[in-house]
Amino acid sequence: MAVITIIGSGMMGSGMSRPARDNGHEVRLVGTPLDREIINEARISGRHVPMKRQLPDGIKYYQIEELDSALEGTEYIICGVSSFGVEWFKEEIIPRLIPGVPVLAVTKGLLNQPEGAVMTFPEYFKKSLPPHLRGKVSFSAIGGPCTSYELMDRHQTMVYFCGEDSAALKQFQQLLTTGYYHPDISNDVLSVEMCVALKNAFAVAVSMGIGLAEKLEGADAYMYNPQAALFGQSLREMGRLLKFYGGNPDFACGIPGAGDLYVTIFGGRTRKLGYLLGKGKSYAEAKAELAGVTLESVVIITRINHALRELAAQGKVDPADFRLLSFLDAVINQNAVCDIPWQEFR
C-alpha cells in the first residue's frame with residue numbers, strides 16, 4: 020500500500036481517488052481554497068456534491084491549511100487542479116514539494132512562448148521548481164478520454180500517463196491500473212499534452228454542428244454529417260500542429276486526440292458553448308448564458324491562434340492549413356458570426 024496525496028478536490032482530482040482506493044492505497048484529499056465546501060461535506064457524508072457521487076470509503080480529508088499534515092510521509096502526489104489553478108499550484112504548492120516524491124497532474128492546457136512556441140504544463144512545473152528541488156521532483160500528466168463521474172462509476176477507461184521520468188510513469192501505472200482503468204505510458208509529453216489541450220478547442224467546433232442542426236431543423240433534428248465533417252477537419256488540423264511542433268501526428272487519431280475529442284462533444288461546458296454558438300448566439304451572448312462556468316476551451320483557442328499568427332508572420336505555417344482554428348478565433352475573439360467556412364477546409 021502506498022500513500023497518495025491528491026491536491027485539488029474538484030471533479031477530476033477527486034475522481035482519481037477511485038482507482039487509488041480500489042487498489043488499497045491510503046488517499047489524502049486536499050481541497051484548494053475554492054474547495055472548502057467540498058471538503059466540509061465530504062467529511063460529514065462522504066459525498067462529492069458537484070460530482071453527485073459518493074466518494075470511496077477511507078479517504079482522509081484536508082483543508083489547504085492542513086497541507087503539511089497531508090504531505091507528511093506521502094509517497095506520491097496527484098495535482099488535481101484545472102488549468103485555471105496552475106498559477107496557484109506553482110506559487111503555493113511547488114515550493115512545498117518533497118524531494119523524491121513524483122507528481123502526476125490531471126491539468127490540461129498549453130502556454131504561449133516567444134515566436135510561436137508552446138509549453139506543456141509538466142515542462143512549466145519543472146521550470147518552476149526552486150533551486151533546492153531541481154532534479155529531485157518529476158512531473159507527469161494524464162491525457163485521454165476520462166470523465167470524472169465515469170471513472171468514479173468504474174466505467175472502462177483508457178488514458179495515457181506521459182512524462183520524462185520513465186520510472187515514475189511505471190510506478191504511477193502500477194499504482195493506479197485496475198480492471199476498469201487502463202493507463203498506457205509515453206515519454207512523448209508534447210504529443211499527448213497538445214492533443215488533450217487542443218481537443219477542447221475542436222470540441223467547440225464539432226458541438227457547433229449540434230446547435231446548427233437544432234437551429235435549422237428543430238429540437239428533434241439529427242444532422243450528423245456536419246458534425247462528422249467538423250470532427251474530421253479537427254483531427255487533420257490537430258495532426259498538422261503535432262507534426263509542426265515535432266510531435267507524433269498519429270496521436271491525433273488515437274486515445275489522446277480522437278478519443279478525448281469524442282468524449283468532450285457529448286457533454287459538459289465545452290459542448291454547451293459550441294451548441295449555443297451553432298444556434299446563432301454571439302460569443303458574448305453565450306458567455307453570458309454560461310456565467311460562472313470556466314471555459315478552458317476559450318483559453319486554448321486564444322493561445323493556439325496567437326502562436327499560429329506568430330508562426331505565419333515568420334512564414335513557418337500556412338494559415339489556410341488551420342482554417343477551422345482561425346474560424347474559432349474569429350468567433351470567440353473577433354465577434355464574428357458562426358458561419359462555418361466549409362469550402363475552405365482542406
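Last residue of the sequence shown: number 365 in the working numbering, and the count goes up by one each step with no gaps.
Glycine included, every Cβ here is placed at the ideal spot set by N, Cα and C.
task = Would you check if the distance between the CB atom of P121 and the CB atom of D184 is smaller than 8 Å?
result = yes
message = Quick check on the burial criterion: 16 or more other C-beta atoms within 10 angstroms. Buried or exposed for V225?
response = buried
Nearest candidate by alpha-carbon position, reference V22, set L48, N354, G293 = L48
Cβ-based neighbour list, P164, same chain, cut-off 6 Å, excluding 5 preceding and 5 following = G278, D279, V282
Endpoints, the alpha helix (DSSP H) within which C214 is located = 208-236
request  = Quick one: give me the first and last residue of the alpha helix (DSSP H) that Y294 is part of.
outcome  = 287-297
key: Close Cβ partners of P268 (< 6 Å) along its chain, the five nearest in sequence each way excluded   = G258, L261, K262
query = Who are the Cβ neighbours of G265 in its own chain at under 8 Å, not counting the five residues just before and after it?
reply = L209
Residue environment, H67, which counts as buried when at least 16 other CB atoms sit within 10 Å = buried
query = Exposed or buried, which one is P133 when buried takes at least 16 other CB atoms within 10 Å?
reply = exposed
task = Pick out whichever of T126, V137, L249, I58 has its Cα sitting closest to the Cα of L327.
result = V137
query = D269 lies in the beta strand (DSSP E); which residues open and close that run?
reply = Premise fails: D269 is in no beta strand (DSSP E) and is neither H nor E.
query = Are the beta-carbon atoms belonging to C181 and V211 less than 8 Å from one another?
reply = yes
task = Flag this pair as yes or no: are the beta carbons of I229 and G297 separated by less than 8 Å?
result = yes
query = For Y143, is the classification buried or exposed, using 16 other Cβ atoms within 10 angstroms of its Cβ as the cut-off for buried?
reply = buried
key: Residues near M20 in its chain [Cβ-Cβ closer than 7 Å; skip 5 each side]   = G43, H44, E45
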